[in-house]
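Following: one structure in structure tokens, then a few remarks.
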Amino acid sequence: MAFTKSIATILLLVFSSLSVAAKTYYISSAGSDQNTGLSPASAWYSISKVNSHTYYSGDTILFESGSTFNGSLYLHKGNLKQGDQQVVISSYGPGKANIEADTSFGLYAYNVSNLDVSQLAFTGNGYQTNQNTGILFYNDLPGDTKLNRVRIHDVEVSGFRDAGIAIGSWNGNSGYSDVSITKAIVYDVGSEGITSWGFFSQSKKGYSHQNIFVGSCHVYKVYGLAKQNKHSGSGIVLSDVDGATIEHSVVHSSGSNNIHCGGPVGIWAWDANKVIIQFNEVYNMQAGSGCDGGGFDLDGGTTNSVLQYNYSHDNDGPGFLAAQFEWARPMHHNTIRYNISQNDGRKNNYKGISLWVAPANTTGGISQLYIHNNTVFADGAVVPSGGGFRIMSSGLKDVEVWNNIFYTDNGATLLAIEDTINTVRFRSNNLYSKDGTPLFIVGDKTYTDPQQLQQHTSINIADAQGLFMQNPRLRKPGKGKTVGYPGKVMSLNAYKLKARSSLQGKGVWPEQLQLSPGAHDFFLNPLPRQQLLDIGAHQRTKE
């Protein structure tokens, strides 16, 4: 009998907990913290009231659209009891509510997840006076704990000193998994636009975060911090993540106050595995008084990752960079393909595509890097120190460069190689100088005759088809326009091949590498059999 009563008691408790209905709470500028908050007519008034309440699985917190609420949202294990359903934080009515954070953060979620944040504008009091991040999810739980499911979408973030949106952790491999950040507009911030980071160590195994998606975001005016002891001003940068995608986003006009090297870059990843960066546009990135200021980058410790279908133009640094810093984890098996660079490298002698390994790196430099079917244009009248392709150091092993177009005009450098102690293989690339004076720099020597380059160096840039100095017949080289947000980069027509281009069907494919060229070109044209590949980012030849 006692056993039966115990079972009945347990079942009663279980069903009682299941019967608790999810609630919706309203906050209005005309409300009162003495109200229940359970309807617009009985709405709460303040963020402090929101922070003092306890929420359960499936609850919704809605702020009145068009109104401003002062303070910082703070969610933690004390006021958020998590379950299977997400807790939603959003606005009611047309438009967005504004969270006015002053010097603090806009929303801080500490050791909690399963949250959906949308339709809100978070505003700090300016990147020079604010001291925090706009939206911060931070996990420092022990035991390599992964907190699951974060959704941030349709938000606007501005006026914060640190990042606009950050996914952070600092305890072993604890972090977040299944994170989605979409349709976020981030501007007028100091350090980074959108970022992830975790506990870093060269000897570390594994990653803090898993499966982060960033899509259809607009990041601009990330100024950088002149008084910070590291580089700043990057747009979107993901690190310490295993599995990530950044796509259909635009980053521009950032980095002006940076004073360090190692960044900033528009969109990049470092200390990461299986990252895909695609269909993005980056322009007008600035190095400040420091270095870099490039478009896209696969950086220290990145593995098994791809830069594809991106458009970079008019940046201080390289359009596309692969770099390995001194204390990074090993970097290998990365691909840069079907991208377009126009007039990148406004400073520091960067070129459209640049490669660099720190001299003191002890983890093998960069290996198994595949660079193919990109189109790079540089006009020396616009970017006097710019050019096509640059190898900045030794430390490169098994790097393959094939089927690319490097097109220059007005004295821009086609190829610059500071160190030839590398295993870099060039195959079937088109190197073309419109003004008829090709410029090659190897070490401290300059060559204007490709035959002299072949005779006096160990670099072999020729190809069996004899195409490497022919006019590729691009539609409007140098006339690529800003696509902008929320445009689609594949609408860029200036770098399509004209009819009767000699580059059609002349691409090669190193079959021994056992790689796939991908499903389509920059313009979404499907790729044919490998024997019919065109050179450059446009596949004109069909089956």
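Just so we're aligned: the sequence shown equals residues -21 to -1, 1 to 522 in mature numbering (1 follows the signal peptide of the UniProt record, and there is no 0). Even glycine gets a Cβ: it sits at the ideal position worked out from N, Cα and C.
- One Cα belongs to Cys240, the other to Asn111, and the distance between them is close to 23 Å.
- By the neighbour-count definition (other C-beta atoms within 10 Å, threshold 16), Gln61 is a buried residue.
- In the DSSP assignment, Val29 falls within the unbroken alpha helix (DSSP H) covering Ile26 to Ser31.
- Here the C-alpha atom of Ser27 lies approximately 13 Å from the C-alpha atom of Ser8.
- 7 Å or more divides the Cβ of Asn263 from the Cβ of Asn318.
- Contact between the segment 48 to 60 and the segment 83 to 99 is present, with at least three C-beta pairs closer than 8 Å.
- Taking C-beta atoms as the reference points, Ala391 and Gly365 count as a pair closer than 7 Å.
- The alpha carbon of Val487 has as its nearest neighbour, out of Met448, Glu379 and Thr47, the alpha carbon of Glu379.
- Arg369: member of the beta strand (DSSP E) spanning Gly366 to Ile370, first to last residue.
- In the three-state DSSP reduction, Val254 falls in the strand class (E or B).
- Pairing Gly203 with Asn236 gives a Cβ-Cβ distance under 7 Å.
- In the assembly as shown, Gly45 is an exposed residue. Its beta-carbon has fewer than 16 other beta-carbons within 10 Å.
- DSSP places Gln491 in the helix class (H, G or I) of the three-state scheme.
- In the DSSP assignment, Gly214 falls within the unbroken beta strand (DSSP E) covering Ser213 to Glu226.
- In the three-state reduction of the DSSP assignment, Val468 falls in the helix class.
- Within the DSSP bridge table, the entry for Asp63 names no partner.
- Secondary structure at Pro507: coil, using DSSP grouped into helix, strand and coil.
- Take Val96, set aside five residues on each side of it, and the residues of its chain with a beta-carbon closer than 6 Å to its own are Ile68 and Ile131, in chain order.
- In terms of CA proximity to Gln321, Pro456 leads the group Pro456, Val468 and His231.
- Assignment of Gln321 by DSSP, reduced to helix, strand and coil, places it in the strand class.
- One Cα belongs to Asp119, the other to Ile384, and the distance between them is close to 47 Å.
- Ser137 sits away from Lys162, with the two beta carbons spaced by 7 Å or more.
- Under the three-state reduction of DSSP output, Ser21 falls in the helix class.
- Pairing Leu300 with Ser333 gives a Cβ-Cβ distance under 7 Å.
- For Ile384, the uninterrupted beta strand (DSSP E) run begins and ends at Ile384 to Asp388, by DSSP.
- By the Cβ-count criterion, Lys475 is buried, with 16 or more other Cβ atoms from all chains shown falling within 10 Å of its own Cβ.
- Annotation for Tyr290: the continuous beta strand (DSSP E) segment containing it runs Tyr290 to His292.
- Residue pairing of Tyr106 in beta bridges, as defined by DSSP: absent, with no partner found.
- Secondary structure of Leu300 (DSSP, three-state): strand.
- Ser187 places its beta carbon less than 7 Å from that of Gly177.
- Contact annotation: Ala76 and Leu99 have beta-carbon atoms nearer than 7 Å.
- Residues Tyr5, Gly10, Asn14 and Thr15 of the same chain have their beta carbon placed closer than 8 Å to that of Ser21, with the five preceding and five following residues left out of the count.
- Residues Asn389 of the same chain have their beta carbon placed closer than 6 Å to that of Ala360, with the five preceding and five following residues left out of the count.
- Lys200 and Gly463 have their C-alpha atoms spaced approximately 14 Å apart.
- Gln265 is classed as buried because its beta carbon has at least 16 other beta carbons within 10 Å across all chains shown.
- Per DSSP, Ser44 lies in no beta strand (DSSP E) segment and is marked neither H nor E.
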